[in-house]
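Asks:
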Amino acid sequence: MDRRLVGIALIVVSACGYGSGPLFAKSVYASGVGWLTLLTWRFTIGALLSWAWLLARRHDRAALARLRRRDVIAFLGLGAFFVGNSATYYAALETVTASLAAVIVYIYPALVAVLAIRFGHGLQGRRPWLALAMVTLGVMLTIGGVEAGGDPVGLVLIVASPIIYSAYIVLAARVAGERRGATAEQRRGAGRDGIPPSVAAAVMMSGTFVVYLAIAVATRTPMLPSQVPQSAWFGLLGIGVFSTAIAIQAFYAGTARIGAAQAALVSTVEPVYTIVLATLLFGEALAPIQLAGAALVVAGVIVSQTTPGAAIETVREEA
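Quick note on numbering: this note's numbering labels position 31 of the sequence shown as 33, and the sequence is numbered without any gaps.
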(Lines of atoms letter the chains of each structure in order from A and count residues from 1; the text may use other names and numbers.)
(Lines give C-alpha, C1' and ligand atoms only; values in the text may rest on other atoms or scores of the structure.)
Protein backbone atom coordinates (compact mmCIF):
# COMPACT_ATOMS: atom_id res chain seq x y z
CA MET A 1 0.00 0.00 0.00
CA ASP A 2 1.12 3.56 -0.76
CA ARG A 3 3.07 4.86 2.23
CA ARG A 4 1.33 8.23 1.92
CA LEU A 5 -2.10 6.62 2.21
CA VAL A 6 -0.92 4.67 5.25
CA GLY A 7 0.48 7.86 6.72
CA ILE A 8 -2.77 9.73 6.15
CA ALA A 9 -4.78 6.88 7.70
CA LEU A 10 -2.52 6.86 10.76
CA ILE A 11 -2.90 10.62 11.24
CA VAL A 12 -6.69 10.29 10.97
CA VAL A 13 -6.60 7.55 13.64
CA SER A 14 -4.43 9.80 15.80
CA ALA A 15 -6.79 12.76 15.32
CA CYS A 16 -9.77 10.63 16.34
CA GLY A 17 -7.86 9.47 19.41
CA TYR A 18 -6.95 13.02 20.41
CA GLY A 19 -10.49 14.14 19.60
CA SER A 20 -11.89 11.59 22.05
CA GLY A 21 -9.83 13.13 24.88
CA PRO A 22 -12.22 15.95 25.81
CA LEU A 23 -15.14 13.49 25.85
CA PHE A 24 -13.31 11.13 28.21
CA ALA A 25 -12.09 14.07 30.30
CA LYS A 26 -15.67 15.24 30.73
CA SER A 27 -16.56 12.19 32.81
CA VAL A 28 -13.29 12.39 34.77
CA TYR A 29 -13.86 16.03 35.74
CA ALA A 30 -17.46 15.21 36.66
CA SER A 31 -16.17 12.71 39.23
CA GLY A 32 -14.21 15.45 41.00
CA VAL A 33 -10.75 14.59 39.62
CA GLY A 34 -8.57 17.57 38.63
CA TRP A 35 -6.53 18.07 35.48
CA LEU A 36 -3.18 17.21 37.09
CA THR A 37 -4.37 13.83 38.35
CA LEU A 38 -5.97 13.17 34.97
CA LEU A 39 -2.79 13.94 33.05
CA THR A 40 -0.57 11.97 35.43
CA TRP A 41 -2.70 8.87 34.91
CA ARG A 42 -3.05 9.61 31.21
CA PHE A 43 0.68 9.35 30.63
CA THR A 44 1.16 6.54 33.14
CA ILE A 45 -1.23 4.37 31.13
CA GLY A 46 0.04 5.64 27.78
CA ALA A 47 3.70 5.01 28.61
CA LEU A 48 3.06 1.50 29.98
CA LEU A 49 1.12 0.46 26.88
CA SER A 50 3.71 1.97 24.54
CA TRP A 51 6.54 0.08 26.24
CA ALA A 52 4.51 -3.15 26.15
CA TRP A 53 3.99 -2.70 22.39
CA LEU A 54 7.67 -1.90 21.82
CA LEU A 55 9.01 -4.83 23.83
CA ALA A 56 6.66 -7.25 22.12
CA ARG A 57 8.24 -6.52 18.70
CA ARG A 58 11.71 -7.88 17.96
CA HIS A 59 12.56 -5.19 15.42
CA ASP A 60 11.67 -2.44 17.87
CA ARG A 61 13.67 -4.05 20.67
CA ALA A 62 16.70 -4.14 18.37
CA ALA A 63 16.19 -0.49 17.44
CA LEU A 64 15.92 0.42 21.12
CA ALA A 65 19.23 -1.33 21.81
CA ARG A 66 20.88 0.73 19.06
CA LEU A 67 19.50 4.01 20.37
CA ARG A 68 22.23 6.49 21.10
CA ARG A 69 22.37 8.27 24.44
CA ARG A 70 21.86 11.65 22.85
CA ASP A 71 18.70 10.36 21.14
CA VAL A 72 17.36 9.09 24.46
CA ILE A 73 18.05 12.46 26.06
CA ALA A 74 16.44 14.26 23.11
CA PHE A 75 13.21 12.25 23.29
CA LEU A 76 13.01 12.49 27.07
CA GLY A 77 13.44 16.24 26.65
CA LEU A 78 10.65 16.27 24.05
CA GLY A 79 8.47 14.41 26.51
CA ALA A 80 9.13 17.05 29.14
CA PHE A 81 8.41 19.74 26.54
CA PHE A 82 5.07 18.09 25.69
CA VAL A 83 3.99 18.74 29.29
CA GLY A 84 3.72 22.40 28.37
CA ASN A 85 1.20 21.69 25.62
CA SER A 86 -1.01 19.21 27.46
CA ALA A 87 -0.96 21.12 30.78
CA THR A 88 -1.86 24.49 29.26
CA TYR A 89 -4.71 22.94 27.24
CA TYR A 90 -6.34 20.91 30.00
CA ALA A 91 -5.86 23.63 32.61
CA ALA A 92 -7.41 26.21 30.28
CA LEU A 93 -10.45 24.02 29.69
CA GLU A 94 -11.45 24.65 33.30
CA THR A 95 -12.21 28.31 32.50
CA VAL A 96 -12.33 28.64 28.70
CA THR A 97 -15.20 27.32 26.60
CA ALA A 98 -14.42 24.23 24.54
CA SER A 99 -15.46 25.95 21.30
CA LEU A 100 -13.14 28.90 21.82
CA ALA A 101 -10.33 26.54 22.83
CA ALA A 102 -10.79 24.47 19.68
CA VAL A 103 -10.64 27.51 17.38
CA ILE A 104 -7.49 28.85 19.03
CA VAL A 105 -5.71 25.49 19.27
CA TYR A 106 -6.19 24.83 15.58
CA ILE A 107 -3.89 27.64 14.54
CA TYR A 108 -1.12 25.06 14.98
CA PRO A 109 -1.27 23.53 11.45
CA ALA A 110 -0.43 26.95 10.00
CA LEU A 111 2.40 27.41 12.51
CA VAL A 112 3.79 23.94 11.70
CA ALA A 113 3.58 24.65 7.97
CA VAL A 114 5.65 27.80 8.37
CA LEU A 115 8.20 26.19 10.72
CA ALA A 116 8.59 23.19 8.41
CA ILE A 117 9.77 25.45 5.57
CA ARG A 118 13.02 25.91 7.46
CA PHE A 119 13.26 22.91 9.75
CA GLY A 120 11.44 20.01 8.08
CA HIS A 121 9.68 18.57 5.03
CA GLY A 122 7.49 21.52 4.14
CA LEU A 123 4.31 21.67 2.10
CA GLN A 124 5.15 21.26 -1.58
CA GLY A 125 3.59 23.56 -4.20
CA ARG A 126 0.66 25.96 -3.99
CA ARG A 127 -2.18 23.48 -3.55
CA PRO A 128 -1.32 22.43 0.05
CA TRP A 129 -1.26 26.10 1.07
CA LEU A 130 -4.71 26.52 -0.47
CA ALA A 131 -5.77 23.41 1.43
CA LEU A 132 -4.37 24.88 4.65
CA ALA A 133 -6.51 27.97 4.17
CA MET A 134 -9.54 25.77 3.47
CA VAL A 135 -9.17 23.60 6.57
CA THR A 136 -8.45 26.58 8.81
CA LEU A 137 -11.67 28.26 7.68
CA GLY A 138 -13.47 24.92 7.88
CA VAL A 139 -12.40 24.38 11.50
CA MET A 140 -13.67 27.83 12.46
CA LEU A 141 -17.02 27.19 10.76
CA THR A 142 -17.30 23.70 12.25
CA ILE A 143 -16.88 24.98 15.79
CA GLY A 144 -19.52 27.66 15.20
CA GLY A 145 -21.09 29.95 17.77
CA VAL A 146 -17.86 30.76 19.54
CA GLU A 147 -18.24 32.64 22.79
CA ALA A 148 -15.50 35.18 23.37
CA GLY A 149 -15.74 35.15 27.13
CA GLY A 150 -13.22 33.51 29.38
CA ASP A 151 -10.84 34.02 32.26
CA PRO A 152 -7.76 36.03 31.12
CA VAL A 153 -5.39 33.40 32.56
CA GLY A 154 -7.28 30.68 30.73
CA LEU A 155 -7.06 32.63 27.48
CA VAL A 156 -3.29 33.04 27.87
CA LEU A 157 -2.93 29.31 28.53
CA ILE A 158 -5.01 28.27 25.52
CA VAL A 159 -3.02 30.59 23.22
CA ALA A 160 0.24 29.13 24.56
CA SER A 161 -0.89 25.54 23.90
CA PRO A 162 -0.80 25.53 20.05
CA ILE A 163 2.45 27.52 20.00
CA ILE A 164 4.13 24.91 22.20
CA TYR A 165 2.54 22.05 20.27
CA SER A 166 3.73 23.43 16.91
CA ALA A 167 7.31 23.58 18.13
CA TYR A 168 6.95 20.09 19.62
CA ILE A 169 5.73 18.56 16.33
CA VAL A 170 8.58 20.02 14.29
CA LEU A 171 11.19 19.11 16.92
CA ALA A 172 9.86 15.55 17.25
CA ALA A 173 9.91 15.03 13.49
CA ARG A 174 13.43 16.43 13.26
CA VAL A 175 14.79 14.25 16.07
CA ALA A 176 13.17 11.22 14.40
CA GLY A 177 15.07 12.00 11.18
CA GLU A 178 13.00 14.45 9.11
CA ARG A 179 14.96 17.09 7.23
CA ARG A 180 14.24 19.70 4.58
CA GLY A 181 13.07 17.86 1.46
CA ALA A 182 12.64 14.43 3.05
CA THR A 183 10.47 12.71 5.63
CA ALA A 184 12.01 10.46 8.27
CA GLU A 185 10.88 7.30 6.44
CA GLN A 186 12.33 8.49 3.13
CA ARG A 187 15.67 9.02 4.82
CA ARG A 188 15.55 5.54 6.40
CA GLY A 189 14.75 4.08 2.98
CA ALA A 190 17.81 5.84 1.59
CA GLY A 191 20.03 4.30 4.25
CA ARG A 192 20.18 7.30 6.55
CA ASP A 193 19.78 7.00 10.31
CA GLY A 194 16.20 6.90 11.56
CA ILE A 195 14.36 5.99 14.74
CA PRO A 196 11.22 3.81 14.52
CA PRO A 197 8.10 5.72 15.61
CA SER A 198 7.24 3.16 18.31
CA VAL A 199 10.61 3.67 19.99
CA ALA A 200 10.39 7.45 19.74
CA ALA A 201 6.88 7.53 21.17
CA ALA A 202 7.65 5.20 24.10
CA VAL A 203 10.73 7.14 25.20
CA MET A 204 9.00 10.48 24.72
CA MET A 205 5.95 9.47 26.77
CA SER A 206 8.27 8.29 29.52
CA GLY A 207 9.66 11.80 29.78
CA THR A 208 6.16 13.27 29.99
CA PHE A 209 5.14 10.73 32.64
CA VAL A 210 8.18 11.45 34.82
CA VAL A 211 7.54 15.20 34.79
CA TYR A 212 3.85 14.84 35.65
CA LEU A 213 4.62 12.35 38.40
CA ALA A 214 7.21 14.70 39.90
CA ILE A 215 4.75 17.63 39.81
CA ALA A 216 1.98 15.51 41.36
CA VAL A 217 4.26 14.33 44.17
CA ALA A 218 5.65 17.83 44.78
CA THR A 219 2.17 19.33 45.01
CA ARG A 220 0.78 16.39 47.00
CA THR A 221 -1.93 15.87 44.42
CA PRO A 222 -4.09 12.81 45.19
CA MET A 223 -3.23 10.28 42.51
CA LEU A 224 -2.97 6.86 44.16
CA PRO A 225 -5.54 4.36 42.83
CA SER A 226 -7.29 4.37 46.20
CA GLN A 227 -7.59 8.18 46.02
CA VAL A 228 -9.22 8.18 42.57
CA PRO A 229 -13.03 7.82 42.50
CA GLN A 230 -14.22 4.63 40.86
CA SER A 231 -16.41 6.62 38.49
CA ALA A 232 -13.31 8.29 37.02
CA TRP A 233 -11.59 5.12 35.82
CA PHE A 234 -13.58 4.67 32.61
CA GLY A 235 -12.52 8.12 31.44
CA LEU A 236 -8.94 7.71 32.64
CA LEU A 237 -8.54 4.39 30.84
CA GLY A 238 -10.14 5.80 27.71
CA ILE A 239 -7.89 8.84 27.60
CA GLY A 240 -4.82 6.75 28.45
CA VAL A 241 -5.45 4.09 25.81
CA PHE A 242 -7.12 5.88 22.91
CA SER A 243 -6.15 9.52 23.40
CA THR A 244 -2.55 8.86 24.41
CA ALA A 245 -1.00 5.48 23.59
CA ILE A 246 -2.80 4.97 20.27
CA ALA A 247 -3.00 8.66 19.33
CA ILE A 248 0.68 9.44 19.93
CA GLN A 249 1.97 6.19 18.40
CA ALA A 250 -0.17 6.76 15.31
CA PHE A 251 0.91 10.39 15.03
CA TYR A 252 4.60 9.50 15.16
CA ALA A 253 4.14 6.73 12.60
CA GLY A 254 2.08 8.91 10.29
CA THR A 255 4.44 11.88 10.55
CA ALA A 256 7.38 9.63 9.64
CA ARG A 257 5.60 8.82 6.37
CA ILE A 258 4.16 12.17 5.25
CA GLY A 259 6.10 14.79 7.20
CA ALA A 260 5.17 17.13 10.05
CA ALA A 261 3.48 19.82 7.93
CA GLN A 262 1.19 17.38 6.09
CA ALA A 263 0.45 15.52 9.33
CA ALA A 264 -0.64 18.74 11.04
CA LEU A 265 -2.86 19.59 8.08
CA VAL A 266 -4.56 16.18 7.96
CA SER A 267 -5.11 16.24 11.72
CA THR A 268 -7.60 19.08 11.28
CA VAL A 269 -10.24 16.35 10.94
CA GLU A 270 -10.07 16.13 14.76
CA PRO A 271 -12.60 18.84 15.65
CA VAL A 272 -14.98 17.50 12.99
CA TYR A 273 -14.73 14.03 14.55
CA THR A 274 -15.22 15.40 18.07
CA ILE A 275 -18.31 17.38 17.15
CA VAL A 276 -19.87 14.50 15.19
CA LEU A 277 -19.18 12.06 18.04
CA ALA A 278 -20.61 14.49 20.59
CA THR A 279 -23.69 14.78 18.40
CA LEU A 280 -24.14 11.02 18.31
CA LEU A 281 -23.50 10.58 22.04
CA PHE A 282 -25.30 13.60 23.42
CA GLY A 283 -27.91 14.27 20.73
CA GLU A 284 -26.58 17.71 19.86
CA ALA A 285 -27.77 18.97 16.48
CA LEU A 286 -25.24 20.22 13.91
CA ALA A 287 -26.02 23.64 12.47
CA PRO A 288 -25.79 24.14 8.67
CA ILE A 289 -22.67 26.28 9.10
CA GLN A 290 -21.02 23.44 11.03
CA LEU A 291 -21.86 20.95 8.29
CA ALA A 292 -20.37 23.36 5.74
CA GLY A 293 -17.24 23.70 7.85
CA ALA A 294 -16.85 19.94 8.20
CA ALA A 295 -17.20 19.52 4.44
CA LEU A 296 -14.58 22.23 3.90
CA VAL A 297 -12.10 20.46 6.20
CA VAL A 298 -12.55 17.14 4.40
CA ALA A 299 -12.26 18.86 1.01
CA GLY A 300 -9.11 20.67 2.11
CA VAL A 301 -7.46 17.44 3.24
CA ILE A 302 -8.31 15.82 -0.10
CA VAL A 303 -6.93 18.81 -2.01
CA SER A 304 -3.71 18.68 0.00
CA GLN A 305 -3.17 15.03 -0.85
CA THR A 306 -3.77 15.36 -4.61
CA THR A 307 -0.95 17.81 -5.22
CA PRO A 308 1.10 16.85 -8.31
CA GLY A 309 4.53 15.71 -7.17
CA ALA A 310 3.53 15.39 -3.53
CA ALA A 311 4.78 11.82 -3.42
CA ILE A 312 8.34 12.55 -4.57
CA GLU A 313 10.63 9.92 -3.08
CA THR A 314 13.99 11.60 -3.61
CA VAL A 315 16.08 12.52 -0.61
CA ARG A 316 18.50 15.40 -0.49
CA GLU A 317 20.74 16.58 2.28
CA GLU A 318 19.85 19.66 4.25
CA ALA A 319 21.34 22.81 2.78
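Every residue gets a Cβ at the ideal spot worked out from N, C-alpha and C, and that includes glycine.
To which residues of the same chain is alanine 17 closer than 6 Å at the C-beta, ignoring the five residues directly before and after it?
Replies: Here the set comprises Ser269, Val271, Glu272.
Asks: Would you say the region 234 to 242 touches the region 25 to 33, given that touching needs at least three Cβ pairs under 8 Å?
Replies: Yes: the two stretches touch, three or more of their Cβ pairs being nearer than 8 Å.
Asks: Nearest by alpha-carbon distance to leucine 143: which of Ile165, Leu159, Ile106 is it?
Replies: Per the Cα distances, Ile106.
Asks: Mark glycine 209 as exposed unless 16 or more other C-beta atoms lie within 10 angstroms of its C-beta, in which case mark it buried.
Replies: That one is buried.
Asks: Are the beta-carbon atoms belonging to valine 15 and alanine 203 less than 7 Å from one another?
Replies: No, Cβ-Cβ distance for valine 15 and alanine 203 is not below 7 Å.
Asks: Report yes if the CB atom of isoleucine 260 is closer than 7 Å to the CB atom of glycine 9, and no otherwise.
Replies: Yes; because the gap between Cβ atoms is below 7 Å, this pair is in contact.
Asks: Exposed or buried, what is proline 198 when buried is set at 16 or more other beta-carbons lying within 10 Å of its beta-carbon?
Replies: It counts as buried.
Asks: For the pair the region 219 to 229 and the region 162 to 171, tell me if three or more CB-CB distances fall below 8 Å.
Replies: The region 219 to 229 vs the region 162 to 171: no contact.
Asks: Please confirm whether alanine 94 and isoleucine 47 have their CB atoms less than 7 Å apart.
Replies: No, Cβ-Cβ distance for alanine 94 and isoleucine 47 is not below 7 Å.
Asks: Report the CB separation of valine 299 from glycine 140 in whole angstroms; it is logged as a contact under 8 Å.
Replies: Between glycine 140 and valine 299 the Cβ distance is about 4 Å, and since that is below 8 Å, they are a contact.
Asks: Quick check on the DSSP output: the alpha helix (DSSP H) that includes proline 199 runs from which residue to which?
Replies: Looking at the DSSP string, the run of the alpha helix (DSSP H) that includes proline 199 is 199 to 220.
Asks: Exposed or buried, what is valine 201 when buried is set at 16 or more other beta-carbons lying within 10 Å of its beta-carbon?
Replies: By the neighbour-count rule (16 or more Cβ atoms within 10 Å), valine 201 is buried.
Asks: Leaving out the 5 sequence neighbours to the left and right, which residues in its chain are closer than 7 Å to serine 233 when beta-carbon positions are compared?
Replies: These residues qualify, in order along the chain: Ser33.
Asks: Starting from the C-beta of leucine 215, find all residues in its chain whose C-beta is less than 7 Å away, skip the five residues before and the five after it, and write them out in chain order.
Replies: Only Thr42 meet the Cβ criterion.
Asks: With DSSP as the reference, label threonine 316 as helix, strand or coil.
Replies: A caution first: threonine 316 carries a pLDDT of 29, below 50, which makes its placement in the model too unreliable to give a value.
Asks: Which two residues bound the contiguous alpha helix (DSSP H) that contains isoleucine 10?
Replies: Looking at the DSSP string, the run of the alpha helix (DSSP H) that includes isoleucine 10 is 5 to 32.
Asks: Which residues in the same chain have their Cβ closer than 7 Å to the Cβ of leucine 80, if we skip the five residues on either side of it in sequence?
Replies: Tyr170, Leu173, Ala174, Val177, Met206, Gly209, listed in sequence order.
Asks: Valine 98 by DSSP, collapsed to three states: which one?
Replies: Valine 98 falls in the strand class under three-state DSSP.
Asks: Let me make sure I understand the geometry here. Which of Leu157, Pro111, Pro154, Leu78 has the alpha-carbon closest to that of methionine 136?
Replies: Cα-wise, what sits closest to methionine 136 is Pro111.
Asks: Would you identify the three-state DSSP class for glycine 302, choosing helix, strand or coil?
Replies: In the structure shown, glycine 302 sits in a helix (DSSP, three-state: H, G or I).
Asks: Distance check for tryptophan 53 and threonine 97, CA to CA, integer angstroms please.
Replies: Roughly 34 Å between the two C-alpha positions.
Asks: Thinking C-beta only, is alanine 265 closer than 7 Å to isoleucine 13?
Replies: Taking 7 Å as the Cβ cut-off, isoleucine 13 and alanine 265 qualify as a contacting pair.
Asks: Below 8 Å on the Cβ atoms is my contact criterion, and I expect serine 163 with glycine 19 to pass it. Report the Cβ-Cβ distance as a whole number of Å.
Replies: Not quite, the Cβ-Cβ distance comes to about 17 Å (not below 8 Å), so this is no contact.
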